[in-house]
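Report on the following structure.
Protein chains in written order, with this note's numbering: chain A, 1 to 275; chain B, 1001 to 1275.
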């Protein structure tokens, strides 16, 4: 497998950064991740736009223009020639002279194998546990997953699959996905603030709005317990239904979720037919 | 200059980690940093103890026992043969198969040149600005300096030298140092909770306690404004007096600080004579 590091295509098993890099020294960097289905990158423009936005918010400059980066991505995909894969763009704080000041960012583009989400049916529902934590600079896709990884044994201990963060009882997001509920009168609600706005989240809201009322607003952990359905969204998973949050078991009918899943799959199908 | 990476001594300009490392991918790692004065590592045992503590808290295993690590450190210092330097121990989440699960940690030991703090006089006083932020897992020396580095332009914009974090008006620490005040009746006060307990901080408290009342307790940003003196402590700086916090200019006599500085310098002088 080939990767791309600072202007060069290199075999992934040799792709490296020197130890002076600010991701290694200080955990400073941003990234983005998109999927390739049937050789076509899905929602590529949206991911590239967000990557540049994250970089700018973190005061990191991408050494390439967006069209140049697109070209590099397509060349990397050509070289690797895989039908289905994940692609990760990473930009770090660079080789800092004093281990603290920002320098010229290091850019990495690498492939990560992943199992595409199922095309025609919902994946198995998951259990979430809530945990009080607010991500730093939540609107930016930074590499900071300290708490998420640190919490993994606790997730397992509770027999759960993932975490739902909240702050003072206001739900925000899962470490790698956005959170939604469907109310008893078929309203779709998702947190508006202190979150990373996922590409699938945004696409889903746009697509759902013609069928259901959608509200982006404050959502308390109390209100969640009254939900008829709940689900998370992400690039790797599309939509995963939630069957339990802490002690609260949801009804589990998931009629609305099943419809939304079809909407998202159709959108992606359109993408792969378009290019 | 030589560095040590996962069992091998390598020239620093070639010392690297593969891009699958969890520090690069997810900002997951811990470190410690100590100084070498006159060829002698200062408070080495304390730093090694804290490094193992940080590793354990982050569920990372150091592949060596403490005596083995000491031996490696001394061999690295011998090879580099520098009278005065900083030494950084870094332990990351390792090469994760899926970019999320912890793996065998990567261990890096590297030297960083630094200017030793002055021996006989206080360094120039600094200005702090307060900023509301609570570090994640504050008792652990993680590599997470996202906010600290991100805030640098704001520090400069206010003509300040560093940040003092607080949460809901309760002062905690600076990004790389601990914070103290001296009250009008010569009491020394430093935050007790939600901080990283610095080695110099702890040594200073132990040394000062025979001369002054010392309190480790909650310290509000309001109380700070009534301080007669204020200072920060760290391995690289020992003690730096503070002349201003936000808009509040302190009296600046710094008599107690000057005494404390002598105490800390003597402690380190004893270390370098001991070995």
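Idealized CB from N, CA, C, for every residue including glycine.
Residue i - partner residues in DSSP beta bridges
{"i": "residue 1241(B)", "result": "1231(B)"}
{"i": "residue 85(A)", "result": "36(A)"}
{"i": "residue 8(A)", "result": "5(A)"}
{"i": "residue 171(A)", "result": "166(A)"}
{"i": "residue 220(A)", "result": "170(A)"}
{"i": "residue 1215(B)", "result": "1189(B)"}
{"i": "residue 178(A)", "result": "173(A), 233(A)"}
{"i": "residue 1249(B)", "result": "1244(B)"}
{"i": "residue 1041(B)", "result": "1036(B)"}
{"i": "residue 1031(B)", "result": "1090(B)"}
{"i": "residue 95(A)", "result": "21(A)"}
{"i": "residue 107(A)", "result": "91(A)"}
{"i": "residue 1016(B)", "result": "18(A)"}
8 Å Cβ cut-off: residues of chain A touching residue i
{"i": "residue 1016(B)", "result": "16, 17, 18, 19"}
{"i": "residue 1160(B)", "result": "Per Cβ cutoff of 8 Å: no residues; residue 1160(B) is ~15 Å from chain A at best."}
{"i": "residue 1092(B)", "result": "24"}
Nearest-angstrom Cα separation, counted from residue j out to residue i
{"i": "residue 49(A)", "j": "residue 161(A)", "result": "30 Å"}
{"i": "residue 1186(B)", "j": "residue 1129(B)", "result": "24 Å"}
{"i": "residue 11(A)", "j": "residue 75(A)", "result": "14 Å"}
{"i": "residue 179(A)", "j": "residue 164(A)", "result": "8 Å"}
{"i": "residue 146(A)", "j": "residue 1025(B)", "result": "11 Å"}
{"i": "residue 150(A)", "j": "residue 135(A)", "result": "13 Å"}
{"i": "residue 1258(B)", "j": "residue 1201(B)", "result": "15 Å"}
{"i": "residue 41(A)", "j": "residue 209(A)", "result": "25 Å"}
{"i": "residue 1080(B)", "j": "residue 1002(B)", "result": "6 Å"}
{"i": "residue 1093(B)", "j": "residue 1029(B)", "result": "6 Å"}
{"i": "residue 71(A)", "j": "residue 64(A)", "result": "10 Å"}
{"i": "residue 1206(B)", "j": "residue 1196(B)", "result": "17 Å"}
{"i": "residue 36(A)", "j": "residue 14(A)", "result": "23 Å"}
{"i": "residue 190(A)", "j": "residue 1238(B)", "result": "49 Å"}
{"i": "residue 276(A)", "j": "residue 233(A)", "result": "Given a span of 1 to 275 for chain A in the structure shown, any question on residue 276(A) remains unanswerable."}
{"i": "residue 1031(B)", "j": "residue 1102(B)", "result": "16 Å"}
{"i": "residue 224(A)", "j": "residue 1108(B)", "result": "45 Å"}
{"i": "residue 1055(B)", "j": "residue 100(A)", "result": "22 Å"}
{"i": "residue 1203(B)", "j": "residue 1256(B)", "result": "16 Å"}
{"i": "residue 263(A)", "j": "residue 240(A)", "result": "14 Å"}
{"i": "residue 1247(B)", "j": "residue 1220(B)", "result": "16 Å"}
{"i": "residue 1066(B)", "j": "residue 1052(B)", "result": "8 Å"}
{"i": "residue 231(A)", "j": "residue 124(A)", "result": "11 Å"}
{"i": "residue 968(B)", "j": "residue 122(A)", "result": "As displayed, chain B neither begins before 1001 nor continues past 1275, which places residue 968(B) out of reach and without an answer."}
{"i": "residue 244(A)", "j": "residue 227(A)", "result": "11 Å"}
{"i": "residue 181(A)", "j": "residue 59(A)", "result": "35 Å"}
{"i": "residue 1111(B)", "j": "residue 1088(B)", "result": "6 Å"}
{"i": "residue 1193(B)", "j": "residue 119(A)", "result": "50 Å"}
{"i": "residue 9(A)", "j": "residue 272(A)", "result": "26 Å"}
{"i": "residue 141(A)", "j": "residue 1046(B)", "result": "36 Å"}
{"i": "residue 1155(B)", "j": "residue 213(A)", "result": "44 Å"}
{"i": "residue 39(A)", "j": "residue 1113(B)", "result": "48 Å"}
Within chain B, partners of residue i - CB distance below 8 Å
{"i": "residue 153(A)", "result": "1059"}
Under 9 Å from the C-beta of residue i: neighbouring residues of chain B
{"i": "residue 110(A)", "result": "1019, 1020"}
Interface partners of residue i on chain A, CB under 7 Å
{"i": "residue 1028(B)", "result": "145, 146, 149"}
{"i": "residue 1025(B)", "result": "143"}
Proximal chain B residues relative to residue i, where beta-carbon distance stays under 7 Å
{"i": "residue 100(A)", "result": "1149"}
Proximal residues of chain A, C-beta to C-beta of residue i below 9 Å
{"i": "residue 1003(B)", "result": "19"}
Got a sec: which bits of the stretch 1119–1147 of chain B sit with their beta carbon under 8 Å from any beta carbon on chain A, in order along the chain?
1133, 1136, 1137, 1142, 1143, 1144, 1145, 1146, 1147
What ranges does the alpha helix (DSSP H) occupy inside the stretch 1109–1151 of chain B, keeping only unbroken runs of at least 4 residues that lie completely in it?
1146–1150
If the cut-off is 9 Å on Cβ atoms, which residues from the stretch 219–246 of chain A count as contacting chain B, listed in chain order?
none
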